[in-house]
Amino acid sequence: MANPLASRAGIVVVGAAIGVMATLLQYLGNPPNMGICVACFERDIAGGLGLHRAGVVQYIRPEISGFVIGALVRFFLGVFAMIGALVFLGCPWRAILRLAGGDWNALTGLAGLATGIGVGVLFLKSGYSLGRAQSQKAASGYLFPIFMAGLFLLVAFQVTFAEGGPIFFSQKGPGSQHAPLLISLGAGLLVGAIAQRSRFCTMGALRDVILLRDFHLMSGVAALLIAALAMNVVLGQFKPGFAGQPIAHTDHLWNFLGMALAGLAFALAGGCPGRQLFLSGEGDLDAGIFALGMIVGAGVSHNFAMASSPAGAAAFGPAGVIVGLVFCLAVGFTMRERAR
Amino acid sequence: MSATRIDARGLSCPQPVVLTNRAIEAGAENLEVLVDNEVSRENVLRLAKRHKMQTSVHEEGPDIVIEIKK
Numbered sequence: 058m059a060n061p062l063a064s065r066a067g068i069v070v071v072g073a074a075i076g077v078m079a080t081l082l083q084y085l086g087n088p089p090n091m092g093i094c095v096a097c098f099e100r101d102i103a104g105g106l107g108l109h110r111a112g113v114v115q116y117i118r119p120e121i122s123g124f125v126i127g128a129l130v131r132f133f134l135g136v137f138a139m140i141g142a143l144v145f146l147g148c149p150w151r152a153i154l155r156l157a158g159g160d161w162n163a164l165t166g167l168a169g170l171a172t173g174i175g176v177g178v179l180f181l182k183s184g185y186s187l188g189r190a191q192s193q194k195a196a197s198g199y200l201f202p203i204f205m206a207g208l209f210l211l212v213a214f215q216v217t218f219a220e221g222g223p224i225f226f227s228q229k230g231p232g233s234q235h236a237p238l239l240i241s242l243g244a245g246l247l248v249g250a251i252a253q254r255s256r257f258c259t260m261g262a263l264r265d266v267i268l269l270r271d272f273h274l275m276s277g278v279a280a281l282l283i284a285a286l287a288m289n290v291v292l293g294q295f296k297p298g299f300a301g302q303p304i305a306h307t308d309h310l311w312n313f314l315g316m317a318l319a320g321l322a323f324a325l326a327g328g329c330p331g332r333q334l335f336l337s338g339e340g341d342l343d344a345g346i347f348a349l350g351m352i353v354g355a356g357v358s359h360n361f362a363m364a365s366s367p368a369g370a371a372a373f374g375p376a377g378v379i380v381g382l383v384f385c386l387a388v389g390f391t392m393r394e395r396a397r
Numbered sequence: 087m088s089a090t091r092i093d094a095r096g097l098s099c100p101q102p103v104v105l106t107n108r109a110i111e112a113g114a115e116n117l118e119v120l121v122d123n124e125v126s127r128e129n130v131l132r133l134a135k136r137h138k139m140q141t142s143v144h145e146e147g148p149d150i151v152i153e154i155k156k
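So the protein lines, in turn, are chains A and B. With this note's numbering, the residue at position 205 of the first sequence is 262, and numbering never jumps. With this note's numbering, the residue at position 20 of the second sequence is 106, and numbering never jumps.
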């Protein structure tokens, strides 16, 4: 069937509808001659979230959320994956590294991850799909890699945009602890190169075992665990136990459910956070959007008291996880590949 | 017998593998799987190998055609 809104009459109807709705929104309280202004409203959202602190333009405009939701499912999968991961305090890689360091809380996290991926596999088996990729201009594939190169330049030159930042540097805590800059970059480049070539993916490893009884990717994940465990023992970094583990908590229920949310979101989006980054480096814009969603999700998590601390799950962490699970289940049930 | 054709172009991992696996488990012995990226090609080939089936690959313009036979 032809798309009626794509016709000449259709575009006129759409234009008229925006005009009517915008003036009505002004009548109902939006700023004068600003019924729907994407630039203004995105600025207000940035203010509402505390990305800027200009006092007169702070409001999370629901109009903008409405524009985006549905159009950018993948972005929100990223947001909720991050909310889940920050309730547990780590992505799948860190879950394995925590286990290799003797943090037994990682076991509940990994069990949650497997459960979330298991649910994702059920959706995949019943025909779940985010639709077929369309070819884009080659240049768009460079967007996310260029964004990442820009971030590196910011940290390399420690650019200061205003007194007291941005950009910011932690004075204490995990953000203040880092290996030397060039060693970190070199390790990242090396891991990126080999992981991209081998398609290394923790979510894919569990998914392929559950879905296809294929242990190809899982053998890589097992090797990561064993190698990290052996190195930790050699370097004296292996400290087994539940309590007092670094940047971790012992709230087993939310460790499990946080990672279940993350696992489901990764499975629906088609990759763990690492894999999404490697795909974005190949020019996969969908993966870049997921990664951006995760970065924004981290902002939401910390601004709205959803990210856990060593003391345990935060005030709104459980609520965030439940909203995320409802969102992911809705995506799983509604997104289907149409036959063609 | 004519080949079952599976169009997995534009689909990302693991959907091409899921579709192919479903067809093989349904008893298809002669398949043609269309994919459009290297990752899907490798994953579908690995799946066929696990089912101990014969494979051959050729390109049709931008698409990759994987023939799988018992």
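The beta carbon of each residue, even a glycine, is placed where N, CA and C say it ideally should be. Note that the coordinates shown come from a computational prediction; the quantities given were computed from them, not determined experimentally.
C-alpha gap between residue i and residue j, whole angstroms
i: residue 234 of chain A; j: residue 303 of chain A; result: 13 angstroms
i: residue 156 of chain B; j: residue 133 of chain B; result: 13 angstroms
i: residue 317 of chain A; j: residue 105 of chain A; result: 30 angstroms
i: residue 90 of chain B; j: residue 120 of chain B; result: 11 angstroms
i: residue 294 of chain A; j: residue 314 of chain A; result: 28 angstroms
i: residue 334 of chain A; j: residue 249 of chain A; result: 9 angstroms
i: residue 336 of chain A; j: residue 84 of chain A; result: 46 angstroms
i: residue 93 of chain B; j: residue 197 of chain A; result: 25 angstroms
i: residue 200 of chain A; j: residue 228 of chain A; result: 31 angstroms
i: residue 166 of chain A; j: residue 152 of chain A; result: 7 angstroms
i: residue 128 of chain A; j: residue 253 of chain A; result: At residue 128 of chain A the pLDDT is 48, less than 50, meaning the model places this residue with poor confidence; the figure from the coordinates comes in the next sentence. Between residue 128 of chain A and residue 253 of chain A, the C-alpha separation is close to 28 angstroms.
i: residue 331 of chain A; j: residue 117 of chain A; result: 30 angstroms
i: residue 288 of chain A; j: residue 298 of chain A; result: 18 angstroms
i: residue 209 of chain A; j: residue 355 of chain A; result: 19 angstroms
i: residue 276 of chain A; j: residue 265 of chain A; result: 11 angstroms
i: residue 106 of chain B; j: residue 256 of chain A; result: 20 angstroms
i: residue 162 of chain A; j: residue 143 of chain A; result: 14 angstroms
i: residue 102 of chain B; j: residue 182 of chain A; result: 12 angstroms
i: residue 90 of chain A; j: residue 81 of chain A; result: 11 angstroms
i: residue 99 of chain B; j: residue 125 of chain B; result: 7 angstroms
Test item: CB-CB of residue i and residue j under 8 angstroms
i: residue 360 of chain A; j: residue 107 of chain A; result: yes
i: residue 100 of chain A; j: residue 343 of chain A; result: no
i: residue 176 of chain A; j: residue 268 of chain A; result: no
i: residue 158 of chain A; j: residue 319 of chain A; result: no
i: residue 180 of chain A; j: residue 389 of chain A; result: yes
i: residue 377 of chain A; j: residue 363 of chain A; result: yes
i: residue 135 of chain A; j: residue 373 of chain A; result: no
i: residue 202 of chain A; j: residue 338 of chain A; result: yes
i: residue 206 of chain A; j: residue 323 of chain A; result: no
i: residue 195 of chain A; j: residue 96 of chain B; result: no
i: residue 385 of chain A; j: residue 325 of chain A; result: yes
Beta-carbon neighbours of residue i, restricted to chain A and to distances below 7 angstroms
i: residue 126 of chain B; result: Going along chain A, no residue has its Cβ under 7 angstroms from residue 126 of chain B, so there is no contact; the nearest lies around 11 angstroms.
Close beta carbons around residue i, own chain, < 7 angstroms, minus the five adjacent residues each side
i: residue 149 of chain A; result: 170, 259, 260, 329
i: residue 114 of chain B; result: 90
Chain A residues whose Cβ lies nearer than 8 angstroms to that of residue i
i: residue 52 of chain B; result: Absent from the structure is residue 52 of chain B, since the part of chain B shown begins at 87 and ends at 156.
Residues that residue i contacts on chain B, provided the C-beta gap is smaller than 7 angstroms
i: residue 273 of chain A; result: 132
i: residue 190 of chain A; result: 96, 98
i: residue 327 of chain A; result: 98, 99
i: residue 264 of chain A; result: 100
Proximal residues to residue i (C-beta, below 6 angstroms), its chain only, five neighbours per side dropped
i: residue 153 of chain B; result: 118, 142
i: residue 64 of chain A; result: none
i: residue 263 of chain A; result: 171, 174
i: residue 160 of chain A; result: 302, 305
Neighbouring residues, chain B, relative to residue i (Cβ below 9 angstroms)
i: residue 268 of chain A; result: 100, 103, 104, 107
i: residue 256 of chain A; result: 99, 125, 128, 129
i: residue 181 of chain A; result: 100, 101, 104
Residue i Cβ short of 7 angstroms to the ligand NAP heavy atom set
i: residue 125 of chain B; result: Because no ligand of any kind appears in the structure shown, any question about the ligand NAP cannot be addressed here.
Contact list for residue i against chain A, beta-carbon separation under 9 angstroms
i: residue 91 of chain B; result: By Cβ distance, chain A contributes nothing, its closest Cβ being about 12 angstroms from residue 91 of chain B, past 9 angstroms.
i: residue 147 of chain B; result: None at all; the shortest Cβ gap to chain A is about 12 angstroms.
8 angstroms Cβ cut-off: residues of chain B touching residue i
i: residue 186 of chain A; result: 97, 101
Neighbourhood of residue i by C-beta distance below 8 angstroms, restricted to the same chain and skipping five residues each side
i: residue 127 of chain B; result: 121, 143, 150, 152
i: residue 366 of chain A; result: 306
Original post:
Enumerated in chain order, which unbroken segments of the alpha helix (DSSP H) with a length of 4 residues or greater are wholly contained in the segment 225-312 of chain A?
Top reply: Within the segment 225-312 of chain A, the complete alpha helix (DSSP H) segments at least 4 residues long are 238-255, 259-269, 273-291, listed from N- to C-terminus.
Subject >> Complete runs of the alpha helix (DSSP H) confined to the segment 164-216 of chain A [at least 4 residues] >> reply: Counting only runs of 4 or more, we get 200-214.
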